[in-house]
Amino acid sequence: MSSRSRRRRALAVAPTATCPCGEPATYADGCGRLHAGAAAATPAELMRSRYAAFVVRDRDHLLRTWSSAQRPGRLDFDDALRWTGLEILGSTGGTAFHSTGTVEFRAHFEYRGVAGVHQENSLFVREDGRWVYDRAIEPGE
Ligand SMILES: [Zn+2]
């Protein structure tokens, strides 16, 4: 077993634990389903699962739910960074009749013990019928 898989296992959330994204569900019934490969019904659901993937360090989920145009070649997690909560502020589009959608969110974190917040309005697109994250929309865009 590599050190990487040991570390990932140690950080995994128990299936019966509350989902890290804050929704009132267990991890197994919430974002854990998407981490196991289920498709997100909406961009907001995918957004939650991507936040939760940063918490549990599910690199595979993050990379496979990134658009092919924007997906980074590699993704590293910072041990000094701890995600502490997610707020969904709003969303547009993203229904079965749309090919794009946006989700605005605030992700709270602690970096070396100092609290911070990352706010972003994210663009999601459909690829092969599945919602994927594309990029952050710049203010005024
Ligand atoms: Zn969740």
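Quick note: the sequence shown uses our numbering, first residue 1178, plus one each step.
Backbone N, C-alpha and C fix where the C-beta goes; we use that ideal spot for every residue, glycine too.
On the three-state DSSP scale, how would you describe residue i?
| i | result |
| --- | --- |
| R1186 | Per-residue confidence for R1186 stands at a pLDDT of 46, beneath the threshold of 50, marking its modelled position as unreliable; no derived number is given. |
| S1179 | For S1179, the pLDDT reaches just 41, beneath the cut-off of 50, and the residue's location in the model is therefore unreliable, leaving the point undetermined. |
| F1144 | In the structure as shown, the chain begins at 1178 and stops at 1318. Residue 1144 is therefore absent and cannot be evaluated. |
| A1229 | helix |
| A1284 | strand |
| A1191 | coil |
Starting from residue i, trace the beta strand (DSSP E) both ways and give me its first and last residue.
| i | result |
| --- | --- |
| L1263 | L1258 to G1270 |
Could you give the C-beta distance for residue i and residue j, rounded to a whole number, given that I count them as a contact under 8 angstroms?
| i | j | result |
| --- | --- | --- |
| S1276 | A1221 | About 16 angstroms; that fails the 8 angstroms criterion. |
| Y1288 | R1227 | In fact, because the Cβ distance is near 19 angstroms, the residues do not count as touching under 8 angstroms. |
| L1239 | A1230 | 5 angstroms |
| E1200 | R1225 | 6 angstroms |
| Q1296 | R1283 | 5 angstroms |
| F1286 | R1259 | 6 angstroms |
| F1254 | R1234 | 5 angstroms |
Mind checking which residues open and close the alpha helix (DSSP H) that includes residue i?
| i | result |
| --- | --- |
| A1292 | Unbroken run through A1292 is the beta strand (DSSP E), V1291 to E1304; no alpha helix (DSSP H). |
| D1311 | No alpha helix (DSSP H) contains D1311, which is instead part of the beta strand (DSSP E) from R1307 to A1313. |
| D1255 | It is not in any alpha helix (DSSP H) - D1255 carries neither H nor E in the DSSP assignment. |
| D1237 | R1236 to R1241 |
| G1209 | C1208 to H1212 |
If you measure from the beta carbon of residue i to each beta carbon in chain C, is any gap under 7 angstroms?
| i | result |
| --- | --- |
| D1235 | Here there is only one protein chain, and chain C is not present. |
Inter-stretch contact (C-beta, 8 angstroms, three-pair minimum) for the region 1292–1308 and the region 1197–1212: Contact fails: fewer than three Cβ-Cβ distances are below 8 angstroms.
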